[in-house]
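Have a look at the structure below, then the notes.
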């Protein structure tokens, strides 16, 4: 029986995948990712997820590998993790009272087949006062998050509404991942799926 391998060190993705109750291991990719500036956001996250999964498959050739990547986009600008408090504050001011998009790409693959997809979710922020921005930065939460916030933490207080998959914003579109894993012989419902 093949093992399921999560090609990520993200604690958020680990927690989400655990909700399927499927057994899995983590084996983070150490590949230096190549970002093609000509790709659309959805193509980019799929490419990055595929790079991670392909890298780990070279070390775990007999298993099923799950790679994922998430980016935050506002207008035509891709928002990464802030380098310092000033950058976090600038990002939060920019997103204040506005709607931005979060793209998560997923690649699930083994030696025989590959499934690649991405999910886009729109997130609307309330207007944020300077006091709110200072408070949120003081929590320390923005600094390891693309877009300078975490929707699953105190950053939830900044969000007015979302349109799409909440879990995709956290880092893994869980329902679609679980259903796609059935193509590889894994069933989150507990039924047995025969694999060749």
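Residue numbers (the working numbering): 37 to 232. Glycine is no exception: its CB is placed at the ideal position from the N, C-alpha and C atoms.
Practice task
Within 10 angstroms of the Cβ of residue 170, are there 16 or more other Cβ atoms? Answer buried if so, exposed if not.
Solution key: An exposed status is given to residue 170, since fewer than 16 other beta-carbon atoms sit within 10 Å of its beta-carbon.
Handout entry: Burial state of residue 140 (16 or more Cβ within 10 Å)
Key = Taking all protein chains in view, the Cβ of residue 140 is crowded by 16 or more other Cβ atoms within 10 Å, so the residue is classified as buried.
Handout entry: Backbone CA spacing between residue 102 and residue 208 [nearest angstrom]
Key = Answer to the nearest angstrom: the Cα atoms are 10 angstroms apart.
Exercise for the section: Pull up the DSSP beta-bridge partners for residue 195, would you. Expected result: Listed as beta-bridge partners of residue 195 by DSSP are 161.
Exercise for the section: Counting only runs of 4+ residues fully inside the segment 38-113, write out the alpha helix (DSSP H) ranges in chain order. Expected result: Within the segment 38-113, the complete alpha helix (DSSP H) segments of 4 residues or longer fall at 47-54, 77-95, listed in chain order.
Exercise for the section: Alpha carbon to alpha carbon, how far is residue 98 from residue 79? Give it in angstroms, no decimals. Expected result: If you take the alpha carbons of residue 79 and residue 98, they lie about 27 angstroms apart.
Practice task
Please state whether DSSP places residue 229 in a helix, a strand or coil.
Solution key: With a pLDDT of 48 at residue 229, under the threshold of 50, the modelled position of that residue is not reliable, and the figure given next carries that caveat. Residue 229 carries a coil assignment under DSSP once its states are collapsed to helix, strand and coil.
Handout entry: Alpha-carbon to alpha-carbon, residue 45 and residue 229
Key = Reliability of the predicted coordinates at residue 229 is poor, the pLDDT of 48 falling under 50, and the value obtained from them is presented with this limitation in mind. Roughly 28 angstroms between the two C-alpha positions.
Practice task
Give me the Cα-Cα distance between residue 199 and residue 54, rounded to the nearest whole angstrom.
Solution key: Straight across, the Cα-Cα distance linking residue 199 with residue 54 is about 24 angstroms.
Practice task
Would you kindly work out how many angstroms separate the C-alpha atoms of residue 50 and residue 68, rounded to a whole number?
Solution key: In this model, residue 50 and residue 68 are separated by some 21 angstroms (Cα to Cα).
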